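Novice:
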Amino acid sequence: MKTCMSASPLLVAALLFVLGGVGCSEEAAYPRSTPDELVQSTVEMVKAGDARMLPDLINADDERMRRFLDRMGILLGNLQGLGDITAQKFPDEIAALRARALEAAEDPGGASLFESFMGAGDLFREDPGLAFQTTLGQILTDPYGWIEITEGRLSTISDNEEAARVLLDDRDLFPGGVISLRLVDGEGEEPALWHYQLPTHIPPLSIVMPRSDEMWEILDHMVAVLNNTIVDLIEDTQAGRLKSLEAIGKEAQDKTVVPLVMVGAAYARQMEAWNRYDDIRKAYSDRVRLWVVAKRMAHKGEGAREVSRRLQRVIGGAGEDRLFDIAWKPRSERRKYRFKEMSDEEFDAMVLGWLEEDGLTLDLSEDAFAWTAIGEAIDRWHATELGIERLGPLPGSPATPIPVSGE
């Protein structure tokens, strides 16, 4: 089912470009019981000066992502404050900016919607550096001006009872379902509400999503850099030290380029380490599987199939605790963990050493190898790990264990 409404699709796009926010507690003021209400509430938040609350409309994957969005909400609120001040200080520049964007947006063969609003499409091709500075200034000084450009051209279409999309002039606003609308169950007695759903589990976003607390902390630092820059721009614009949108863009660029490059480098190092970890983990898993198969083929006997599977899980778990540390080692030290190139003897020594460090001692020598003995050793080790103590039969009693509750 498709419905039309008077709202701004570009505001939703701006939500993607900026991303962030704090929790929205005024549910009655911003209803979200339908897809239309979700998008309309997005517009109304901006009109009411509540841009800081926008990210409550985004479905967070977990609590850590929600905390990040909460921090971003502070940035969004200050960004709206900067926009209000520039509208007062430079009304003619803002009016010209919106007029150019509106004219370009009405031309079907013109620039993209984003380029139309920023007015820097040709400039990006001619002078990328100046275009970035100009665009940055225009984003910062009129971040929510989108709402007046495409009024009435937005609609929503339902895919099913729990999913919908946003259309602009009967076409997907976000091609390929990059952003969808999802009905998310409330907590406890709270009703289900519609949210924007970011594609955090599919490429390309899934590739760059944080995978550790350290990566989230780096993104938190990025938010702090951007937010503090906006606060400085508000103060400088209010005091008359910045006298144009271009000046604001240049000042923002000067304040953010170096810190953001450093943030980007730190995040890239984390991503590289995690990518190495993925490669090392796969290589280790493959080698463990082949190693266990070789043991089972060389030592047939009672319990071979069942115990070998358990042994594979135990050895895999021993590596799980160490592989990320290996991924962070210098290249010269990582060379000795090229699992595919290890001899059987080298791999035996490594995994048995890891298991012994974890409290499990196994004798896999040719003379002593027995699947039943390996299974019993794993049982004892698991019992120790769980803090379970088994009791033998009492003196003079039958050697039959007494059943406990649940057996």
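Numbering (my numbering), first residue to last: 1 to 407. Just so you know, even glycine gets a beta-carbon here, dropped at the ideal spot from N, CA and C. Here the structure is a predicted model, which is why all the values come from computation and not from measurement.
1) Could you please give the first and the last residue of the uninterrupted beta strand (DSSP E) stretch that includes N160?
2) Can you give the Cα-Cα distance for D169 and H201, rounded to whole angstroms?
3) Please classify T361 as buried or exposed, where buried requires at least 16 neighbouring CB atoms within 10 angstroms.
4) Could you compute how far the alpha carbon of D61 sits from the alpha carbon of V178?
5) Where does A252 fall in DSSP's three states?
6) Buried or exposed: L205, going by 16 or more other Cβ atoms within 10 Å of its Cβ?
7) Measure the C-alpha to C-alpha separation of S285 and A294 and round it to an integer number of angstroms.
8) For the segment 257–330, list the alpha helix (DSSP H) runs that are entirely contained and at least 4 residues long, ordered along the chain.
9) Which residue wins for smallest C-alpha separation from R165, given the options F324, P203, E37?
10) Pull up the DSSP beta-bridge partners for I58, would you.
11) Return the residue from the list T384, R309, R331 that minimises the CA-CA distance to R289.
12) Could you name the residues of the same chain whose beta carbon sits closer than 6 Å to that of W194, not counting the 5 residues immediately before and after it, in chain order?
13) From the DSSP output, which residues share a beta bridge with D185?
14) Decide if R325 is buried, meaning its Cβ has at least 16 other Cβ atoms within 10 Å, or exposed.
15) Can you look up D172 in the DSSP assignment and give me helix, strand or coil?
16) Pull up the distance between the alpha-carbon of A87 and that of L140, whole angstroms please.
17) How far does the alpha helix (DSSP H) with W216 in it extend, from its first residue to its last?
18) Buried or exposed: where does P210 fall if 16 or more other Cβ atoms within 10 Å of its Cβ makes it buried?
19) Just to confirm, is the Cβ distance from L242 to D236 under 8 Å?
20) Kindly indicate which three-state DSSP category L38 falls into: helix, strand or coil?
21) Indicate the three-state DSSP secondary structure (helix, strand or coil) for S206 in the structure shown.
22) Which residues does DSSP pair with P365 in a beta bridge?
23) With burial defined as no fewer than 16 other Cβ atoms inside 10 Å of the residue's Cβ, what is the status of L394: buried or exposed?
24) Would you kindly report the start and end of the unbroken alpha helix (DSSP H) that includes I85?
25) Can you give the Cα-Cα distance for A266 and H382, rounded to whole angstroms?
26) G303 and G375 look like a contact to me (Cβ under 8 Å); what is the Cβ gap, rounded to whole Å?
27) I believe A298 touches L355 by the beta-carbon criterion, under 8 Å. Please report the beta-carbon distance rounded to the nearest angstrom.
28) Enumerate in chain order the residues of its own chain whose CB-to-CB distance from P259 is below 6 Å, with the five nearest sequence positions on each side excluded.
29) Count the other C-beta atoms from every protein chain shown that fall within 10 angstroms of the C-beta of P55, then say buried if there are 16 or more, exposed otherwise.
30) By a C-beta neighbour count over all protein chains shown, 10 Å radius and 16 as the cutoff for buried, is N160 buried or exposed?
31) Output needed for R98: all residues of its chain with C-beta closer than 6 Å, excluding positions within five of it in sequence on either side, in chain order.
32) Confirm, please, whether the CB-CB distance from L323 to Q292 is below 8 Å.
33) Have a look at G73 and N59 and give me their C-alpha separation to the nearest angstrom.
34) From the DSSP secondary-structure annotation, give me the bridge partner or partners of A164.
35) Counting C-beta neighbours from all protein chains within 10 Å, is the total for V208 16 or more, i.e. buried, or is it exposed?
Specialist: Result, derived from the coordinates:
1) For the purposes of this step, residue 160 is taken as residue 160 along the sequence shown, with counting starting at 1. Looking at the DSSP string, the run of the beta strand (DSSP E) that includes N160 is 154–160.
2) Indexing the sequence shown from 1 puts residue 169 at position 169. Indexing the sequence shown from 1 puts residue 201 at position 201. Cα to Cα, D169 sits roughly 28 Å from H201.
3) Position 361 of the sequence shown holds residue 361. Answer is exposed; the Cβ neighbour count stays below 16.
4) Translated into the one-based positions of the sequence shown, residue 61 becomes position 61. Translated into the one-based positions of the sequence shown, residue 178 becomes position 178. Taking the straight line joining both Cα atoms gives about 16 Å.
5) Along the sequence shown, one-based indexing puts residue 252 at 252. Residue state, collapsed to three classes: helix.
6) Position 205 of the sequence shown, counted from the first residue, corresponds to residue 205. It is exposed - the Cβ of L205 has fewer than 16 other Cβ atoms within 10 Å.
7) What you label residue 285 is simply residue 285 of the sequence shown in a count that begins at 1. What you label residue 294 is simply residue 294 of the sequence shown in a count that begins at 1. Cα to Cα, S285 sits roughly 14 Å from A294.
8) 304–328
9) Numbered from 1 along the sequence shown, position 165 holds the residue referred to as residue 165. Among F324, P203, E37, the Cα nearest to that of R165 is on E37.
10) Taking the sequence shown and counting its residues from 1, the one referred to as residue 58 is at position 58. Paired residues: Y196.
11) Along the sequence shown, read from residue 1 onward, the residue named residue 289 stands at position 289. Considering only alpha carbons, the answer is R309.
12) Position 194 of the sequence shown holds residue 194. Answer for W194: R32, P35, L38, L181, L183, listed in chain order.
13) Mapped onto the sequence shown, residue 185 falls at position 185. BP columns for D185 are empty, so no partner.
14) The count along the sequence shown starts at 1 and reaches residue 325 at position 325. A small correction: the amino acid at residue 325 is Asp; Arg does not occupy that position in the sequence shown. Classification for D325: exposed.
15) Working through the sequence shown from its first residue, we reach residue 172 at position 172. In this structure, D172 counts as strand in the three-state DSSP scheme.
16) The count along the sequence shown starts at 1 and reaches residue 87 at position 87. The count along the sequence shown starts at 1 and reaches residue 140 at position 140. Rounded to the nearest angstrom, the two C-alpha atoms are 11 Å apart.
17) As a position in the sequence shown, residue 216 is number 216, starting the count at 1. Unbroken alpha helix (DSSP H) run through W216: 213–238.
18) Numbered from its first residue, the sequence shown carries residue 210 at position 210. The residue in question, P210, is buried, as its Cβ has 16 or more Cβ neighbours within 10 Å.
19) Translated into positions along the sequence shown, residue 242 becomes position 242. Translated into positions along the sequence shown, residue 236 becomes position 236. Yes, the pair counts as a contact, with Cβ atoms nearer than the cut-off.
20) Sequence index remark: in the sequence shown, residue 38 carries index 38 (1-based). It is helical.
21) Within the sequence shown, numbered from 1, the residue matching residue 206 stands at position 206. Residue state, collapsed to three classes: helix.
22) Start at 1 with the first residue of the sequence shown, and residue 365 comes out as number 365. One detail in the question is off: residue 365 reads as Ser in this sequence, not Pro. Answer by DSSP bridge pairing: none, since S365 is not bridged.
23) As a working note, residue 394 is residue 394 in the sequence shown. Because the pLDDT of L394 is 48, which lies under 50, any placement of that residue in the model is unreliable, and the number read from its coordinates should be weighed accordingly. L394 is exposed by the Cβ-count criterion.
24) On the sequence shown, position 85 is the one that residue 85 refers to. Per DSSP, I85 belongs to the alpha helix (DSSP H) from 63–89.
25) By one-based count along the sequence shown, residue 266 stands at place 266. By one-based count along the sequence shown, residue 382 stands at place 382. Going by the C-alpha atoms only, they are around 39 Å apart.
26) Numbered from 1 along the sequence shown, position 303 holds the residue referred to as residue 303. Numbered from 1 along the sequence shown, position 375 holds the residue referred to as residue 375. With a Cβ gap of about 6 Å, G303 and G375 count as contacting.
27) The residue given as residue 298 occupies position 298 in the sequence shown. The residue given as residue 355 occupies position 355 in the sequence shown. That pair is no contact at about 19 Å.
28) For the purposes of this step, residue 259 is identified with residue 259 of the sequence shown, where counting begins at 1. Correct list, in chain order: V225.
29) For the purposes of this step, residue 55 is taken as the residue at position 55 of the sequence shown. With 16 or more other Cβ atoms within 10 Å, it is buried.
30) Start at 1 with the first residue of the sequence shown, and residue 160 comes out as number 160. N160 should be labelled exposed.
31) Here residue 98 refers to the residue found at position 98 when the sequence shown is read from its first residue. Counting only Cβ-Cβ distances below 6 Å, and skipping sequence neighbours, we find G145.
32) Here residue 292 refers to the residue found at position 292 when the sequence shown is read from its first residue. Here residue 323 refers to the residue found at position 323 when the sequence shown is read from its first residue. Rather than Gln, the amino acid found at residue 292 in this sequence is Val. No, these two residues do not count as a Cβ contact at 8 Å.
33) One-based indexing of the sequence shown puts residue 73 at position 73. One-based indexing of the sequence shown puts residue 59 at position 59. Near 14 Å, if we compare the C-alpha coordinates of N59 and G73.
34) Within the sequence shown, residue 164 is the residue found at index 164, counting from 1. S158, L181, per the DSSP bridge assignment.
35) By 1-based counting over the sequence shown, the position of residue 208 is 208. V208 comes out exposed.
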